[in-house]
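Asks:
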Amino acid sequence: MSVIVEFRTGTSRLPLAEAIERGPAVRLEIECETATIPTMPNVFLWAASEDLAAFEAALTADSTVAEAKRLSEAGGRVLFWVQVAEGTEVVPYPEWVKLGAEALSGRYYDGQWHNRMRFPDRESLREYRAFCEDSEIGFSLHRLYDADREAATPRDGLTDEQREVFRLAYDRGFFEIPRQVTLDELGEELGISNQSVSERLHRGYARLVENFVL
């Protein structure tokens, strides 16, 4: 039975490590990964930074990057296409593909990669965890649950629209102090008004309090 796992890894031996270390503070979100050469995957990722030009320069100078292109910009973020360079020290992509896993989300912030993945069973997850630990990128488990049970019984009580707003707001730093994004910027990215964003957040707060606090 398939499982979903949420976990964190380090960055120092992974692709983009140099850009992350030498460039300005940045938040990254992987949109998708594809490959014709498994050890040189193509990564589509969104970057948010106070100095995106400096991050782009750090990205193109990164020895783990064969090529990088700016594709589009929206909501204060830039979408890049990046091809991982041949000979990069640790490339997880071929390992999890070989195990039949699916990358559901990958985000970089606070000095770590925060990952959410689906594995066909617990044995394949154990193999991937061993790969991460043997590769010295670490594997810090946050949450593990049965995929079928989770799909059948959502526990937070949020609507899909509310959950989408909460995830985006969290990823963009809306709950940080000071805030890293405005309601207007969230609304622009979602294609809705800032009033709609505010309403979904407040109704979601009420539902979470009802389900987890009262």
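As numbered in our numbering, residues 1 to 214 make up the sequence shown, in order. Using N, Cα and C, we set each Cβ at its ideal position, and we do this for glycine too.
#1: Where do the N-terminal and C-terminal ends of the alpha helix (DSSP H) with Arg126 fall, by residue?
#2: Taking three-plus beta-carbon pairs below 8 Å as touching, is the stretch 47-54 in contact with the stretch 17-29?
#3: In terms of alpha-carbon separation, which member of Asn194, Pro41, Glu95, Arg207 lies closest to Arg129?
#4: Who does Trp46 pair with in a DSSP beta bridge?
#5: DSSP on Asp184, reduced to helix/strand/coil?
#6: Who are the Cβ neighbours of Ala152 in its own chain at under 8 Å, not counting the five residues just before and after it?
#7: Report the rounded CA-to-CA distance for His114 versus Thr9, giving the unit in angstroms.
#8: If you check the beta carbons only, do Arg22 and Ala58 fall under 8 Å apart?
#9: If you run the structure through DSSP and keep just helix, strand and coil, what is Ala19?
#10: Whose C-beta lies closer than 6 Å to the C-beta of Ala103 among residues of the same chain, with five residues either side of it excluded?
Replies: Put simply:
#1: 122-134
#2: yes
#3: Glu95
#4: Glu29, Leu79
#5: helix
#6: For Ala152, the pLDDT reaches just 47, beneath the cut-off of 50, and the residue's location in the model is therefore unreliable, leaving the point undetermined.
#7: 7 Å
#8: yes
#9: helix
#10: Met117
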